[in-house]
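Chains A and B, in that order, give the protein sequences. First residue of the first sequence: 0, per numbering that gives the first Met the number 0; consecutive thereafter. First residue of the second sequence: 0, per numbering that gives the first Met the number 0; consecutive thereafter. The beta-carbon is built from N, C-alpha and C at its ideal position, and this holds for glycine as well.
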Amino acid sequence: MSEIIVITSGKGGVGKTTTTANLGVGLAIRGKKVVLIDTDTGLRNLDLLLGLENRIMYDLIDVTEGRVPYKKALVRHKKHDSLYLLPTSQIKDKTALNPAQLVALCEELRQQFDYILIDCPAGIEQGFKTAIAAADCAIVVTMPEISAVRDADKIIGELGRADKENIKLIVNRIRPQMVRSGDMLDMDDIDEILSLECIGQVPDDELVVTSTNRGEPVVSNKESLAGKAYSNIVGRICGEEIPFLEFGEEGFFVKLKRVFGW
Amino acid sequence: MIDAIMKLFGKSDKPSREIARDRLKVVLVHDRANISPEVMKLLKDDIIKVISNYMEINKQDMEITLADDENSVALVANIPVQRMKHSSKIQK
Chain A
0 MSEIIVITSG KGGVGKTTTT ANLGVGLAIR GKKVVLIDTD TGLRNLDLLL GLENRIMYDL
60 IDVTEGRVPY KKALVRHKKH DSLYLLPTSQ IKDKTALNPA QLVALCEELR QQFDYILIDC
120 PAGIEQGFKT AIAAADCAIV VTMPEISAVR DADKIIGELG RADKENIKLI VNRIRPQMVR
180 SGDMLDMDDI DEILSLECIG QVPDDELVVT STNRGEPVVS NKESLAGKAY SNIVGRICGE
240 EIPFLEFGEE GFFVKLKRVF GW
Chain B
0 MIDAIMKLFG KSDKPSREIA RDRLKVVLVH DRANISPEVM KLLKDDIIKV ISNYMEINKQ
60 DMEITLADDE NSVALVANIP VQRMKHSSKI QK
């Protein structure tokens, strides 16, 4: 049984592409056969995050317009050989792909892959509508920030209108210290506001930046807390019950403040 | 006293997390109700029209908002009544 998952957020810059890359690598590490489809036509970046930018010959639009079969456009990952990328065009724009074309392509890919992850563009326009068309379920990525949560809520509404009822939430770039000092929304707040099942909370981690610089998703770095969080999400996608990470110990001043009831 | 000291150190009474949560709840009620300011204005005008049949109201000070009531949306109207009309004046 293969599963088509769209990774979406509404707001840009919350980590859709980073999440897609990490879930893809994480699933491949578990031996799943995975294809990642970048649908952010004109602003492609998934190739960069995976370190595959120099290997692209053909793209998604070449496939949907019938110039090449999809197998020719797939880029196999250097380290994880069950992971493939289907990059999009950097020259064309969102009008180059319509929902019916993506649905047809995904039905073909279903025969070959365990997981098909679709990296959705930001916004709620045509690019978003196309990206979600083929999906069995959606992962909404948000951040503990009012604008990102509001946009996530809007996206959840749009997904509902498109009859996509299976929606999960990932809260990205949490800063545990700010949560503890009462200066950042935590996962429970966001759960309560969006009333959606959360499948992961990812801490803000400098190693995400350095691994992105190198084109190696952080999930394969065992030292990284964010990597561990992504790895746990992958486990939950595969149906395992994994408790959520606790982010470190409280500092002295936080404890002191609690003692005095400040 | 503690409040004053906390203020001295730049701490406000309410953690910013709670402010964020409260503001989000309010804005999402409006977002989800999907009512544009134009529609709210039309609704307000209609309510004024109906109520004016029965009483004189202060149109300037009246407030009509959507509020969060547990998991549902409530339409809250605060309409100051200036004078009741004589029942004989009410148009049937």
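Using a CB distance cut-off of 7 Å, S86 of chain B does not count as an interface residue toward chain A. Between V178 of chain A and P79 of chain B, the alpha-carbon positions lie close to 43 Å from each other. For Q200 of chain A, the beta-bridge partners assigned by DSSP are A:V170. For T141 of chain A, the enclosing beta strand (DSSP E) stretches over residues C136 to T141. Rounded to whole angstroms, the Cβ separation of C105 of chain A and I173 of chain A is 32 Å, and the two are not in contact under 8 Å.
Put simply, the region 231–238 of chain A touches the region 23–33 of chain A. At least three CB pairs are less than 8 Å apart. Here the C-alpha atom of L84 of chain A lies approximately 34 Å from the C-alpha atom of I192 of chain A. Put simply, the CB of G181 of chain A is near chain B, with a gap under 7 Å to one of its CB atoms. Per DSSP, D37 of chain A is one residue of the beta strand (DSSP E) stretching across V33 to D37.
In summary, the residues of the region 27–40 of chain B whose CB is separated from some CB of chain A by less than 9 Å are L27, D30, R31 and N33, in the order they occur in the chain. Residues of chain A whose Cβ lies closer than 7 Å to the Cβ of A19 of chain B are, in chain order, I145 and L184. For the 7 Å CB-CB criterion, T141 of chain A and L96 of chain A do not form a contact. Pairing R160 of chain A with S15 of chain B, the inter-Cα distance amounts to about 33 Å. Close to K153 of chain A, with beta-carbon spacing below 7 Å, are these residues of chain B in chain order: D30. In terms of Cβ geometry, K71 of chain A and Y57 of chain A form a close pair [threshold 7 Å].
Within the region 178–236 of chain A, the runs of alpha helix (DSSP H) at least 4 residues long that lie entirely inside it are, in chain order, 186–193, 205–213 and 224–236. As DSSP reads the structure, V75 of chain B sits in a beta bridge with B:T64. Here DSSP, grouped into helix, strand and coil, assigns Y57 of chain A to coil. Neighbours of R16 of chain B in chain A, taken as residues at a C-beta separation under 9 Å, are given in chain order as P143, M177, V178, S180, G181, D182, M183, L184, D185 and D188. A direct Cα-Cα distance of roughly 15 Å separates T19 of chain A from L42 of chain A.
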